[in-house]
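Those sequence lines, one after another, are chains C and Y.
Okay, so the first sequence: first residue is 767 according to my numbering, each after it adds one.
Okay, so the second sequence: first residue is 14 according to my numbering, each after it adds one.
Glycine residues also receive a C-beta, built at the ideal position from the N, C-alpha and C atoms.
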Amino acid sequence: MFSNINAIAVRINRQFLRDRRFLGLSLIVPVLLMLLLKYVLDSLPGLARLGVHISDYAILVAAYLVHFLAYVLSTIVLVRDRKDGTLGRMFVYGYRRREIVLGYVGGYSTIAAVQTALVLILTKYLFDINLAPDLIAVVLTMLALAVVSVGLGVFISNFARNEGQVFPFIPLVIVPTALLSGIAIPIDELPRVLQWCSYLIPLRYAVSVLDGVLNQHRSFFSELGPFLTLVAVGAGLLATASLTLRERE
Amino acid sequence: MSASDPAGAAAGAPAVAIEQLRKSYGPITALDGASISVDTGEIFGLVGPNGAGKTTLIKAICGILKPDSGSVSVLGLDAARERHAVRRRLGYMPQTPALYEDLSPRENLVFFGRGFRTSGLSDRIRDVLEFVELWERRDDPLHNFSGGMKQRASLACALLRDPELLILDEPTAGVDPTLKQNFWRRFRELKERGRTIFVTTNMMDEALHCDRVAVIRAGSVLITETPEAIRARGRTRVTLGLRDGSLREQEVLAYEEEMPRLLAAYGLSDEVARISVRRPSLEDVVLGMIAGDAGAGEKPAHGGAHGGAHGGRTTGAHPGAGADAEDGGNV
Ligand SMILES: Nc1ncnc2c1ncn2[C@@H]1O[C@H](COP(=O)(O)OP(=O)(O)OP(=O)(O)O)[C@@H](O)[C@H]1O
Ligand SMILES: [Mg+2]
């Protein structure tokens, strides 16, 4: 089992390295978006007068970007695998459903980790955030978030027959996530119903940990609740993904 | 025929037994009660027009299709419940290449060979890539390859584990004639070594290489026979040219047996100046079956109608010559 998971992860990373344009875009896009964010926020001096610390948001937005990119990429790549028949071939050549799901997680976690590292370095220099004391908390949260994103992607890929059909599912996940995860609007300022809905948004738990640790200066230990919930959501999504991954058409 | 038992195959049990298989995609019926039995150690061809259900049937054998009803047993195992055990023992070549375009043939083979932990993988990879004549280009990414070359890489992948049952979906589509001949030679060799080969095609010259052929149309199997027996179902058109310039035409079903009787009836007198015999080709007969709803034999006009297309030349001289010339030289 482990060797097959590893074979898939290695293959995905190898494909990724081979596809220069894809590689370039997936590294440059988060960087560009962070720069854009910095520029926009800096040009709104009103925010500071309102007592808003721009830097508080930087890591949260970074988490959102990693979540979004990993989700979309893994959905599209899996749909492509199904369409090209390589997924069917994997099954016939001895790969099992759970191996495939975990292999994708392995492959994408590497990519997401690189993206995360890049974004973290950038936030540190652009927004002057000192991550060092909370680095472990930040990295663990980002990794758990990457697993969640890939699990979600694999699950969603069941509903699309080709890459084009993936597009309607992108806003379905990212718009509610943007509104209800606590990055744009603090959750306790939302109407009660939406507060309940926010429990369904995986990013909410990551935001809660990151905000607690970085902005409220609480210990990682005191944020263990949302962190473990995030991990549980990830595990649940992976289990769902491997149970729903269609092996027989 | 070297029918020496391949390891693990139960004596006498069919390698693939499909009964009354049905599958619909919404309003489209892909398989409509198809039944097939493939013997261990034979080359079995499935022929039929586009959309007949060949690929769907193959997916059912490999356990990547959920049939609506019917049963599929492969190597004595249930193709759905015991699919993991079945897959260990078969080699599958999908209709589309189904390999990773960003990776080289070698990387693809390494990846797909790992699933079942193929032993001696690098030697096997070299062997199959040399066979499909891609060893020189083993490290080129597949997106630089032509369609036929991708097809060859895909066949190499199916041969990788030297499986006892090979399931090949149009293996020679887009492959050039020389290489195609090599492929068939290799299939023969594999058969000699006791392997079973199930292959789909819509090229009749390839069906002639098969021990038995099943004709599928609109999701059901019309006939399963040796190519020669299928061909014998077609009517042979015999034309006698008389001295006075008139022609007598007749169509006979069992050509070898009917011919002497026919000649006796006319009397091989001076009246007869020439005899021409046109045996329908396998293609004529199969196309007749696919076009009509009964066997081609029921529709005498058909053999002639398709005559121009393929192998339909009229042979003069004595009757034996016509038969020999068009026999296709198989089995
Ligand atoms: N995934 C699918 N969704 C909907 N319809 C399908 C699907 N796969 C096959 N079909 C339909 O089932 C029928 C049989 O298709 P199949 O691919 O088995 O044909 P085939 O005999 O392999 O044809 P070809 O010679 O073109 O490869 C066709 O009518 C096709 O449209
Ligand atoms: Mg097909």
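When DSSP labels each residue in this structure, what does Y105 (chain Y) get in the three-state scheme? strand
Cβ separation of F993 (chain C) and T907 (chain C), assumed to be a contact under 8 angstroms, to the nearest whole Å: Here F993 (chain C) really is in contact with T907 (chain C); their C-beta atoms are around 6 angstroms apart, less than 8 angstroms.
Proximal residues of chain Y, C-beta to C-beta of F857 (chain C) below 7 angstroms: Within 7 angstroms Cβ-Cβ: I77.
Taking the C-alpha atoms as reference points, what is the distance between A775 (chain C) and R139 (chain Y)? Here the alpha carbons of R139 (chain Y) and A775 (chain C) stand approximately 24 angstroms from one another.
As assigned by DSSP and simplified to three states, the class of L253 (chain Y): strand
Does ligand 1 have even one heavy atom less than 8 angstroms from the beta-carbon of L70 (chain Y)? Yes.
Would you mind listing the alpha helix (DSSP H) stretches within the stretch 794-828 of chain C that are 4+ residues and don't spill past its ends, in chain order? The alpha helix (DSSP H) runs lying completely inside the stretch 794-828 of chain C and spanning 4 residues or more are 811-815, given in chain order.
V290 (chain Y) versus R261 (chain Y) - alpha carbon distance: 12 angstroms
C-alpha gap between V858 (chain C) and L295 (chain Y), whole angstroms: 34 angstroms
Is T252 (chain Y) near ligand 2, judged by its Cβ being under 8 angstroms from some heavy atom? no
Which residues in the same chain have their Cβ closer than 7 angstroms to the Cβ of D152 (chain Y), if we skip the five residues on either side of it in sequence? S117 and R119
What would DSSP say about T237 (chain Y), mapped onto helix, strand or coil? strand
Inter-residue spacing [alpha-carbon to alpha-carbon] between L801 (chain C) and V885 (chain C): 10 angstroms
Select from C:A910, C:L835, C:G978 and C:V959 the residue whose C-alpha is nearest the C-alpha of E989 (chain C). C:G978
With hydrogens ignored, establish whether the beta-carbon of Q108 (chain Y) is closer than 8 angstroms to any heavy atom of ligand 2. Within the chosen limit of 8 angstroms, ligand 2 reaches the beta carbon of Q108 (chain Y) through at least one heavy atom.
Quick one: list the residues of chain Y neighbouring S769 (chain C), beta-carbon separation under 8 angstroms, in chain order. R127 and R130
Residues of chain C with a CB under 9 angstroms from the CB of F158 (chain Y): which are they? Under the 9 angstroms cutoff, chain C gives no residues; its nearest Cβ is about 14 angstroms from F158 (chain Y).
Are the beta-carbon atoms belonging to T213 (chain Y) and G58 (chain Y) less than 9 angstroms from one another? yes
Could you confirm whether any beta carbon from chain C is found closer than 9 angstroms to the beta carbon of R165 (chain Y)? no
Do three or more CB pairs link the stretch 183-201 of chain Y to the stretch 27-43 of chain Y at distances below 8 angstroms? no
Could you tell me whether the Cβ of A775 (chain C) comes closer than 9 angstroms to any Cβ of chain Y? No, A775 (chain C) does not count as interfacial toward chain Y.
Using only the alpha-carbon positions, how far apart do I794 (chain C) and V880 (chain C) sit? The alpha-carbon atoms of I794 (chain C) and V880 (chain C) are separated by roughly 12 angstroms.
I902 (chain C), buried or exposed, once every other Cβ within 10 Å from all chains shown has been counted against 16: If you draw a 10 Å sphere on the C-beta of I902 (chain C), you find fewer than 16 other C-beta atoms in it, and that means exposed.
Along chain Y, which residues have their Cβ under 8 angstroms away from the Cβ of Q781 (chain C)? Y113, D115 and L116
The stretch 929-945 of chain C: which residues have C-beta closer than 7 angstroms to a C-beta of chain Y, in chain order? none
If you drop the 5 nearest sequence neighbours on each side, which residues of the same chain put their C-beta closer than 6 angstroms to that of V123 (chain Y)? none
Rounded separation between P62 (chain Y) and R846 (chain C) - CA only: 27 angstroms
Quick one: residues in its chain with C-beta nearer than 6 angstroms to the C-beta of Q931 (chain C), no 5 flanking neighbours on either side, listed in chain order? Result list for Q931 (chain C): empty, nothing under 6 angstroms.
Which runs of the alpha helix (DSSP H) at least 4 residues long sit entirely within the stretch 918-977 of chain C? Give them in chain order. 935-946, 958-964 and 968-976
Any beta carbon from chain Y within less than 9 angstroms of S852 (chain C)'s own beta carbon? It is worth fixing the name first, because residue 852 (chain C) is Thr in this sequence and not Ser. Output row for T852 (chain C): interface = yes.
Could you confirm whether any beta carbon from chain Y is found closer than 9 angstroms to the beta carbon of G860 (chain C)? yes
Confirm, please, whether the CB-CB distance from A912 (chain C) to V797 (chain C) is below 9 angstroms. Taking 9 angstroms as the cut-off, the Cβ atoms of V797 (chain C) and A912 (chain C) do not count as close.
Give the single residue among Y:G128, Y:M302 and Y:S84 whose Cα lies nearest to the Cα of I1021 (chain C). What the structure shows of chain C is the stretch from 767 to 1015, and residue 1021 (chain C) is not part of that stretch, so it cannot be assessed.
Does any residue of chain C have a CB that is nearer than 9 angstroms to the CB of T109 (chain Y)? yes
Are at least three pairs of beta-carbons, each pair with one atom in the stretch 92-99 of chain Y and one in the stretch 42-56 of chain Y, less than 8 angstroms apart? No: the two stretches stay apart, fewer than three of their Cβ pairs being nearer than 8 angstroms.
Please report the distance separating the alpha-carbon of A73 (chain Y) from that of M856 (chain C). 16 angstroms
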